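Colleague:
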Amino acid sequence: MLKLAVAALLATLAVLAGLTIWPERERVVPDERIVLREVRLSLYPQADPAAVWSFAADSVSYRPSSRETTLRQISEGQRLVGGVLDFTLHSDEVVIDAQDNLRGEQLLVHLVEANWDLEMQARAGQPVVIDQRAGTFSVPVLRFTGDGLGANRAENVRMNFDLTDFQASCEGASCYNQFEDGSP
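Each residue of the sequence shown is one higher than the one before, counting from 463 in the numbering used here.
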């Protein structure tokens, strides 16, 4: 009987030792996406708690593995700050990343207070980026018109949402600026 108990104990120890060295399966998050059609959604950026974005899009897809949301055919995009409309946005496609930043190939933005229209273009794999934490647009190619402006083009632009800081690098680029003086 003692031999049987020792054999059972040794067998149990062998099984437990085998289980401890057995390679553990790695958990894999499937790279599937969730797709919704004809969607209205709101974005409350953690980095900018006073702002609320709302969008109407033909389709929205979400990838859990990257935590990115892709909006396609945005017909109504807008940013409100303290309940007041700040700017509107239209685009064929915008990606919202895990930090709530927006990026895309072409974004059309209307700045309400300044009454400016911005056509923002990506270039050579460098997307347009709306950075929530910094409160900036980073734009490879920018065309803009509006009150007090003619036609304007700038490259490698970084500007904040309220236009108080505007930087562009136009060396070797075809940039132009036209301003209107408002006189009759």
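Yeah, the Cβ is synthetic: ideal placement off N, Cα and C, and Gly gets one too. Please read these numbers as outputs of a predicted model, since none were measured by experiment.
1) How long is the line joining the alpha carbons of residue 555 and residue 544, rounded to whole angstroms?
2) Pull up the distance between the alpha-carbon of residue 506 and that of residue 574, whole angstroms please.
3) Where residue 612 and residue 564 are concerned, what is the direct C-alpha to C-alpha distance, given to the nearest angstrom?
4) Determine the closest residue to residue 589 out of 581, 579, 580, 600, with distance taken between C-alpha atoms.
5) Note down the Cα distance separating residue 550 from residue 630, rounded to an integer number of angstroms.
6) Count the other C-beta atoms from every protein chain shown that fall within 10 angstroms of the C-beta of residue 474, then say buried if there are 16 or more, exposed otherwise.
7) Quick check: the Cα distance between residue 595 and residue 560, rounded to an integer number of angstroms?
8) With contact counted as at least three CB pairs below 8 angstroms, one residue from each stretch, are the segment 468-487 and the segment 507-516 in contact?
9) In three-state DSSP terms, what is residue 607?
10) I'd like to check one pair, residue 527 with residue 497: are the Cβ atoms closer than 8 angstroms?
11) Given that a residue counts as buried once 16 or more other Cβ atoms are within 10 Å of its Cβ, and exposed if not, what is residue 483?
12) What's the gap between the Cα of residue 570 and the Cα of residue 486?
13) Taking the beta carbon of residue 616 as the centre, do at least 16 other beta carbons fall within 10 Å, making it buried, or is it exposed?
14) Judging by CA-CA distance, which residue of 515, 514, 531 is the nearest neighbour of residue 521?
Modeller: Reading it off the structure:
1) Here the question's residue 555 lines up with position 93 in the sequence shown. Here the question's residue 544 lines up with position 82 in the sequence shown. Straight-line Cα distance between these residues: approximately 26 angstroms.
2) Residue 506 sits at position 44 when you count from the first residue of the sequence shown. Residue 574 sits at position 112 when you count from the first residue of the sequence shown. Distance between the alpha carbons of residue 506 and residue 574: 20 angstroms.
3) Counted from its first residue, the sequence shown places residue 612 at position 150. Counted from its first residue, the sequence shown places residue 564 at position 102. Roughly 28 angstroms separates the two Cα atoms.
4) For this step, residue 589 is matched to residue 127 along the sequence shown. Closest option to residue 589, Cα to Cα, is 600.
5) The residue labelled residue 550 in the question sits at position 88 within the sequence shown. The residue labelled residue 630 in the question sits at position 168 within the sequence shown. Going from the Cα of residue 550 to the Cα of residue 630 covers about 23 angstroms.
6) For the purposes of this step, residue 474 is taken as residue 12 along the sequence shown, with counting starting at 1. Under the 10 Å beta carbon count, residue 474 is surrounded by fewer than 16 other beta carbons and is classified as exposed.
7) Position 133 of the sequence shown, counted from the first residue, corresponds to residue 595. Position 98 of the sequence shown, counted from the first residue, corresponds to residue 560. Cα to Cα, residue 595 sits roughly 12 angstroms from residue 560.
8) Touching, no, given that fewer than three Cβ pairs across the two stretches are closer than 8 angstroms.
9) The sequence position of residue 607 within the sequence shown is 145, counting from 1. Correct three-state label for residue 607: strand.
10) On the sequence shown, residue 497 is found 35 positions in, with the first residue counted as 1. On the sequence shown, residue 527 is found 65 positions in, with the first residue counted as 1. Their beta carbons are not under 8 angstroms apart, which means residue 497 does not touch residue 527 by this criterion.
11) Position 21 of the sequence shown, counted from the first residue, corresponds to residue 483. Classification for residue 483: exposed.
12) Your numbering for residue 570 matches position 108 in the sequence shown. Your numbering for residue 486 matches position 24 in the sequence shown. If you take the alpha carbons of residue 570 and residue 486, they lie about 49 angstroms apart.
13) As a first step, residue 616 must be located in the sequence shown, where it is residue number 154. Buried is the call here.
14) Taking the sequence shown and counting its residues from 1, one reaches residue 521 at position 59. The residue with the shortest Cα to Cα distance from residue 521 is 531.
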